[in-house]
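Let me begin by presenting the structure, written as structure tokens, before commenting on it.
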Amino acid sequence: MYSNEKDSLLKNDSSQSYSSSDETPGTVNRHTPSLNGDDGKEHFVGIDDIGDYEEDEDKGEDHPLTVSVKSSGSGRSRTAVSGGLDTGEKGTSNLATMVHIFKGNVGTGILSLPAAVKHAGVVAGPVGLCIIAFIAVHCMHMLVRCSHFFCRKTGKQAMSYGEVAEECSKGIFKDKAYWPKRIVNLFLIVTQLGFCAVYFVFVASTIVEVAGWGDKVDKRLVIIILALPVALLSYIRSLEKLAYLSIIANICCVVGLITIYQYLARNLGDPTRLPMFSGVQNLPMFFAMALFSFEGIGVVLPLENEMQKPEDFGWVLNVGMGIISCMFVSMGLLGYVAFGDKIEGSVSLNLPDNYLYDGVKICYAIAMFLTYFLQFYVPINILLPPLLNKWQKRHGSCFEYTFRTVLVLFTAALAAGIPLLDDFIALIGALASAGLAIIFPPLIHTLTFWHHGLHPMAFVKNLILICIGVLGFALGTFESIMTIVTDFHKRTPKHVHVNQTLINGTMGFTHHPLFKTHPIV
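Position 411 of the sequence shown, counting from 1, maps to 411 under this note's numbering, and the rest follow consecutively.
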């Protein structure tokens, strides 16, 4: 799946320069400039020279392959090496990178996969998840490959998703190449704010479920109340401080997932009672909800840029995403077999009402509440800097806090407008995740290597992936919007005074089984 580029980063006393390389396998890179080694000889090492390097190594030639690289955004230096040599101590280890990959992909999406499998069928669902996982991981590798190409070409140490899109478009759009970068950043913003809104819905749904309020309290009221503490915590600007929230969120997430898995394993139903295939008409919703779960493509390049051994990123990504894909398939299948057509938008909402499982629901809700601020950091980092340049001198820090508050309230309004968890997940998955995860990577790959030996079969493969992504984007968005409209029409409007709603909710909470003695199931 992943062609390990084995990026040979060459040491040069004064400077290092990179040039474009051919994608054609098995050929020597003739565009890489010569660099003088310690032995005074000129060495040519590029993306396709791995075989040549190994031959030279057998002959006893010594190539200097170490270069000091400054990690993007951290201000720390790392030593990146090719060919299995020792690295420096700075940067992220392979294990830490794998943990970050886990954090970037496992959120509310995994709990919605049983509902996604319901739209496909007990056999078609897991098979479809495996196919989507393969495509998503392959697209991640294509994006990394293009980033390597342009880093060598421009001499940059690291590039973001948007910068890669901009570089690949310069041959077509000339001085307008910044538009693809803006489009990618727009999709990133929509995706991340969509995740934030989904977290609002998830936490509110969990509170209503655990409190036993049912129809007595509108979920939208809970979302509005949650917006206040979220807005205050959004004022945290330091990633170091957010890291502590991330640790707590990870612990809550792992505890919640383990408990959910053991319950599903002990309460499996008869899979033969469920349809093997739910029909073609339901596939767009399955595609959209499943794609929402593979939400980690935005963190791929930053993680690779921070590694001690970036040349190991290929197998680290494969192993990490392989484990995550197995978790996704098993959660989707076990959850659907356990609860059948009664499955909720999040499988956690199907758990019984007792101390243990109410604790699990609260635990996972806390994890998603704390994860909100990490997801919120991405759109803030894109939107805020240009606005601060224009307004901060005039209004000081007041403008920044106001902007953060408005953005939080915007995500809360989105959540309150579409408080149906599975429908909202499908909409975000189809509208934004399809573009970032499936459409853009093969398009960028094609534009990058069009004049550098792109194989005809690679072009056909990229075209097929783009068509799948566009089809899923169009049909998934349309179907999810229609489902939202239909579900809203089915809902009976409730005109309850706010004060009475709060009173009823409080009374309902005191009568909840959580306050009664009952055995743990």
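Where is the CB? At the ideal position from N, CA and C, for every residue including glycine.
Here the structure is a predicted model, which means the values were calculated and not measured.
Beta carbon of residue i nearer than 7 Å to that of residue j
i    : j    : result
A412 : A249 : no
G437 : F292 : According to the sequence shown, residue 437 is Ala rather than Gly. No, the pair does not count as a contact, with Cβ atoms beyond the cut-off.
V137 : E304 : no
F149 : M159 : no
S433 : A133 : no
A415 : I223 : yes
N523 : H445 : With the chain represented from 1 up to 521, any question about residue 523 goes unanswered, as that position is not in the structure.
I466 : L431 : no
V316 : N94  : yes
V208 : K219 : yes
F328 : L129 : yes
L370 : L257 : no
E167 : P180 : no
Proximity to residue i [Cα-Cα], best of the options
i    : options                : result
G162 : F173, T154, A177       : A177
A474 : L264, L317, A426, H455 : A426
T483 : A432, I110, V470, F424 : F424
I131 : P441, V360, G322, Y401 : G322
I380 : L333, E344, F410       : F410
A115 : I343, M331, M159, P310 : I343
C139 : T259, M289, A415, G296 : G296
P441 : T97, S112, V184        : V184
C252 : M368, L387, A432, V300 : M368
S346 : G359, M331, Y355, P275 : M331
V255 : S348, L301, G171       : S348
G435 : G417, F287, F102       : F287
G121 : I418, N354, V299, S278 : S278
Y235 : L388, Y357, F376, K309 : F376
G472 : A290, M276, L245       : A290
S205 : I439, W450, L421, G429 : L421
I530 : F102, L351, V300, E479 : In the structure displayed, the chain extends from 1 to 521; residue 530 sits before or after that span and is not available.
L283 : V117, N350, Y357, T402 : V117
M98  : L333, D341, Q308, I439 : Q308
Residue i versus residue j: straight-line alpha-carbon distance, rounded
i    : j    : result
P271 : M285 : 21 Å
A243 : A365 : 18 Å
R237 : F459 : 43 Å
K153 : L383 : 28 Å
Q157 : F173 : 24 Å
I247 : H100 : 11 Å
G469 : G107 : 22 Å
M507 : Y263 : In this predicted model, M507 has a pLDDT of only 44, less than 50, meaning its place in the structure is not dependable; the value taken from the coordinates is given anyway. In a straight line, the C-alpha of M507 is about 30 Å away from that of Y263.
H119 : G91  : 42 Å
L193 : F200 : 11 Å
L232 : T405 : 8 Å
M306 : V230 : The sequence given here has Glu at residue 306, not Met. Whole-angstrom Cα-Cα distance: 29 Å.
L113 : I260 : 13 Å
V123 : Y372 : 34 Å
I481 : D215 : 24 Å
F195 : T448 : 30 Å
E400 : V378 : 15 Å
Q16  : I362 : Bear in mind that the predicted position of Q16 carries a pLDDT of just 38, short of 50, making it unreliable; the figure below should be weighed with that in mind. When rounded, the distance between both Cα atoms is 52 Å.
A96  : G359 : 28 Å
L534 : L274 : With the chain covering only 1 through 521, there is no way to say anything about residue 534.
P302 : P126 : 30 Å
C146 : V164 : 7 Å
A211 : V217 : 10 Å
D175 : P386 : 20 Å
H141 : L221 : 43 Å
G417 : V485 : 11 Å
T477 : W391 : 36 Å
R78  : F313 : Low per-residue confidence applies at R78: pLDDT is 41, beneath 50, and the placement is therefore not dependable, though the value from the model is reported in the following sentence. So the two alpha carbons sit approximately 15 Å from each other.
G298 : D487 : 31 Å
I50  : G320 : Any answer about I50 is weak, because its pLDDT of 30 lies below 50 and its placement is not dependable; what the coordinates show is given next. Near 25 Å, if we compare the C-alpha coordinates of G320 and I50.
L388 : S169 : 28 Å
S397 : N350 : 44 Å
N354 : W213 : 15 Å
P310 : L374 : 24 Å
N318 : L356 : 35 Å
Q281 : G171 : 41 Å
V300 : W450 : 23 Å
G83  : F403 : Unreliable placement is indicated for G83, whose pLDDT of 33 sits below 50; no coordinate value is reported for it.
Check: residue i C-beta below 6 Å from any heavy atom of the ligand ZN
i    : result
G212 : With respect to small molecules bound, the structure shown includes none, and the ligand ZN cannot be examined in it.
Three or more C-beta pairs closer than 8 Å, one from the stretch 330 to 340 and one from the stretch 182 to 202: is that the case here? Contact fails: fewer than three Cβ-Cβ distances are below 8 Å.
Three Cβ pairs or more, each shorter than 8 Å: is that satisfied between the stretch 438 to 457 and the stretch 265 to 283? no
Pick out the complete alpha helix (DSSP H) segments inside the stretch 411 to 488, 4 residues or longer, and give them in chain order. 421 to 428, 440 to 449
Please give me, in chain order, every unbroken run of the alpha helix (DSSP H) with length at least 4 that falls completely inside the stretch 211 to 243. 219 to 233
Could you name each continuous alpha helix (DSSP H) segment of 4 residues or more that falls completely within the stretch 96 to 156, going from the start of the chain to the end? Taking only runs of at least 4 residues, the alpha helix (DSSP H) segments lying wholly in the stretch 96 to 156 are 108 to 120, 124 to 154.
For the stretch 300 to 374, which segments carrying the alpha helix (DSSP H) assignment without a break, of at least 4 residues, lie completely within its bounds, in sequence order? 300 to 305, 313 to 339
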